[in-house]
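Notes follow the structure.
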Amino acid sequence: MKIVLLSDAPPLENGGFGNSAVSFSLAKILSSEIKIILTRLHKRSNKKLPIAKGLDIPVYVYKDFSFLLGLRLISTTLRFALDTLMFMTQLRVLNKKIQESGASRIFALCGNDPFFMINAWLLKKATGLPLDLYMVDDIVASALMEKKVFRSKIFGLLEKIFINKFDRILLISRGYAEHLENKYNVASTLLPVPIRYPIFEYRPITGDDKSKTVVFSGSINELYLDAIRDLCEVIQAINLEHENSFRVLLIGRESIVSAKQKIGDFPFLDVSTALDNRDLIQKLANSDLCFLPYSHSCNPVIRIMVKTAFSCKISEYFASGRPILVYGPSDSSTYRYFVENRLSIIASNKQTLRDSLINHTSCNESHMIDEYQETVKRNHSPEALRAILQAINKAD
Numbered sequence: 004m005k006i007v008l009l010s011d012a013p014p015l016e017n018g019g020f021g022n023s024a025v026s027f028s029l030a031k032i033l034s035s036e037i038k039i040i041l042t043r044l045h046k047r048s049n050k051k052l053p054i055a056k057g058l059d060i061p062v063y064v065y066k067d068f069s070f071l072l073g074l075r076l077i078s079t080t081l082r083f084a085l086d087t088l089m090f091m092t093q094l095r096v097l098n099k100k101i102q103e104s105g106a107s108r109i110f111a112l113c114g115n116d117p118f119f120m121i122n123a124w125l126l127k128k129a130t131g132l133p134l135d136l137y138m139v140d141d142i143v144a145s146a147l148m149e150k151k152v153f154r155s156k157i158f159g160l161l162e163k164i165f166i167n168k169f170d171r172i173l174l175i176s177r178g179y180a181e182h183l184e185n186k187y188n189v190a191s192t193l194l195p196v197p198i199r200y201p202i203f204e205y206r207p208i209t210g211d212d213k214s215k216t217v218v219f220s221g222s223i224n225e226l227y228l229d230a231i232r233d234l235c236e237v238i239q240a241i242n243l244e245h246e247n248s249f250r251v252l253l254i255g256r257e258s259i260v261s262a263k264q265k266i267g268d269f270p271f272l273d274v275s276t277a278l279d280n281r282d283l284i285q286k287l288a289n290s291d292l293c294f295l296p297y298s299h300s301c302n303p304v305i306r307i308m309v310k311t312a313f314s315c316k317i318s319e320y321f322a323s324g325r326p327i328l329v330y331g332p333s334d335s336s337t338y339r340y341f342v343e344n345r346l347s348i349i350a351s352n353k354q355t356l357r358d359s360l361i362n363h364t365s366c367n368e369s370h371m372i373d374e375y376q377e378t379v380k381r382n383h384s385p386e387a388l389r390a391i392l393q394a395i396n397k398a399d
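So for the sequence shown, the working numbering puts the first residue at 4; every next one is plus one.
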């Protein structure tokens, strides 16, 4: 395969989270097949970061409106639309770059910008090359979760128009595949999130501190908030019975004041920040349990996100070499994933969450980490992802 990677977020290793981290991981894993990366700054702050550093792949950063800092504050939809207009003016240059690279197929990574689907389609038409679209977020539900109704209508219209215009649709979770099939009758291929980090070997936690640390990495938003609160309420009850057995550490951008305003004033709750991915993995590795939650909310929009989203934080969780506690509805994407791969530890209600916390020390943690390593190798490794892409290429 000779591939062009078209990414709506620049591939960033350090300082890159979310789709920038996914973009970097894809490029790293498929580096022998990728002939050129076409990307944009997307955010003004990315200008200070080393794009695609260490990949040894030619990169062309095309122009967008990231330099207009205030535009997104006025309207994200307007900003995305203007980005696409600017993209149209650069099609000739992008086509020339692709021809010079010798690539014969385009792989487009689409994050939360549906106008990027227009960009991908325009590039497909301009080059005449087949194009695979990799989608990692439900763009309509994401907009609705942010209470952006007008944006969700525009996004939904664009998705409906363009979803069937690509050669292949690749999706991050089975739940997302089922959702799009029911919505548009579109066939898709599952392509698990790439994990390029080597998993730490199992290391027992040492020290005299009797309390166990349960760590959560990420934003405290509606997808996770009530599940984190459930965790704190369960731990509060356990600590009353067992002399402060647990503490909760939140790694993200929240201050301790903001976190307690959202979750509750629990004395065992603390916050921390991570400088980059390596720093995050090291902090996770020093914890006892990594908490991977999803909301039990009955809100239909959140239900869609819970079923379709596959948290990219699982990459760092696996890499940390520490046990993972999945908590959420049994139809959530991560819960299903752990069941399908026969992984521990999972809990679907507060009682099983309590049992999992109390009994986790009796688990064979070393064996658990071995199972994580096998799962990553089987589903998320460079070899696994190349095998998936090669198999579907042969089927064409």
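Each residue gets a CB set at the ideal place from its N, CA and C atoms; glycine is no exception. Values in this document were obtained by computation on a predicted structure and should not be read as measured data.
**Report entry** Alpha-carbon spacing of R404 relative to L44, whole angstroms
**Finding:** It is not possible to answer for residue 404, since the shown part of the chain is limited to 4 through 399.
Query raised in the report: For C235, does the three-state DSSP call read helix, strand or coil?
Result: Collapsing the DSSP output to three states places C235 in a helix.
Query - Where P14 sits in the DSSP three-state scheme - result: coil
Query - Supposed contact pair L29 and K100 - C-beta distance, whole angstroms, cut 8 Å - result: 19 Å between Cβ atoms; not a contact.
Query - Cα-Cα separation between P326 and L97, rounded to whole angstroms - result: 45 Å
Query - Close-in-space but distant-in-sequence residues of the same chain around K380 (CB under 8 Å, 5 per side omitted) - result: E386 and A387
Query raised in the report: Since T216 contacts D282 with CB under 8 Å, what's their CB separation in whole angstroms?
Result: Contact flag wrong, Cβ pair sits at about 16 Å.
Report task. Take the Cβ of P270 as the centre, count every other Cβ of all protein chains shown within 10 Å, and call the residue buried at 16 or more, exposed below. Result -> exposed
Query raised in the report: Nearest CA to the CA of L8: which residue from S69, L134 and V274?
Result: L134
Requested in this report: Put D373 into one of helix, strand or coil per three-state DSSP.
Outcome: Here D373 sits in helix by DSSP.
Requested in this report: Identify every run of the alpha helix (DSSP H) within the region 98-185, keeping only runs that are complete inside it and at least 4 residues long; order them along the chain.
Outcome: Runs of the alpha helix (DSSP H) lying entirely within the region 98-185, each at least 4 residues long, are 118-130, 142-148 and 152-165 in chain order.
Query raised in the report: Using the rule of at least 16 other Cβ atoms within 10 Å of the residue's Cβ for burial, across every protein chain shown, is R154 buried or exposed?
Result: R154 is classed as buried because its beta carbon has at least 16 other beta carbons within 10 Å across all chains shown.
Requested in this report: Just confirm the distance between the C-beta atoms of F321 and I198, as a whole number of angstroms; I'd bet it's less than 8 Å.
Outcome: 6 Å
Query raised in the report: Between K213 and V237, what straight-line distance do the alpha-carbon atoms span, to the nearest angstrom?
Result: 18 Å
Query raised in the report: By Cβ distance, which residues of its chain are closer than 8 Å to D67, with the 5 residues on each side in sequence left out?
Result: These residues qualify, in order along the chain: R43, L44, H45, D86, M89 and F90.
Query raised in the report: What residue range is occupied by the uninterrupted beta strand (DSSP E) comprising T364?
Result: First-last for T364: undefined, no H or E at that position.
Query raised in the report: So, do the region 134-146 and the region 169-185 have three or more beta carbon pairs nearer to each other than 8 Å?
Result: yes
Query raised in the report: Could one say the Cβ of L97 lies closer than 9 Å to chain D's Cβ atoms, at least one of them?
Result: Of the chains in the structure shown, none is chain D; there is only one protein chain.
Query raised in the report: What separation, rounded to the nearest whole angstrom, lies between the Cα atoms of A12 and L243?
Result: 46 Å
Query raised in the report: Which same chain residues, not among the five before or five after Q93, have their C-beta less than 7 Å away from its C-beta?
Result: Y65 and K66
Query - Beta-carbon proximity check, I305 vs V329, cutoff 9 Å - result: No. Outside cutoff.
Query raised in the report: When you compare only the Cα positions, how much space is there between N280 and E374?
Result: 23 Å
Report task. Tell me whether the beta-carbon of G445 lies closer than 9 Å to the beta-carbon of K310. Result -> With the chain represented from 4 up to 399, any question about residue 445 goes unanswered, as that position is not in the structure.
Requested in this report: Can you say whether K128 is buried or exposed, counting buried as having 16 or more other CB atoms within 10 angstroms of its CB?
Outcome: Per the 10 Å Cβ criterion, exposed.
Query raised in the report: Going by the C-beta, is F341 closer than 8 Å to any heavy atom of the ligand GTP?
Result: The ligand GTP is not among the ligands present in this structure, which contains no ligands whatsoever.
Requested in this report: State the Cα-Cα distance for the pair D358 and G131, rounded to the nearest angstrom.
Outcome: Roughly 57 Å separates the two Cα atoms.
Query raised in the report: What separation, rounded to the nearest whole angstrom, lies between the Cα atoms of M308 and K397?
Result: Each residue's alpha carbon lies about 32 Å from the other.
**Report entry** Presumed contact (8 Å Cβ cut-off) between K38 and S104, rounded CB distance
**Finding:** With 8 Å as the limit, K38 and S104 qualify as a contact, their Cβ atoms being about 4 Å apart.
Report task. Classify F249 as helix, strand or coil using the three-state DSSP reduction. Result -> DSSP places F249 in strand when its eight states are reduced to three.
Requested in this report: Mark R339 as exposed unless 16 or more other C-beta atoms lie within 10 angstroms of its C-beta, in which case mark it buried.
Outcome: buried
Query raised in the report: Just to confirm, are P332 and Y227 a CB contact at a threshold of 9 Å?
Result: no
Query raised in the report: Taking Y63 as the reference, which of T80, A394, S10 and S23 has the closest Cα?
Result: S10
Requested in this report: Ignoring anything shorter than 3 residues or poking outside the region 321-354, list the beta strand (DSSP E) runs there in chain order.
Outcome: 327-330
Requested in this report: Would you mind giving the Cβ-Cβ distance between T229 and S300, rounded to the nearest angstrom? I have them listed as a contact below 8 Å.
Outcome: Residue 229 is actually Asp in this sequence, not Thr. Sure, about 6 Å apart at Cβ, within 8 Å.
Query raised in the report: Cβ atoms of R108 and I6: under 9 Å apart, would you say?
Result: yes
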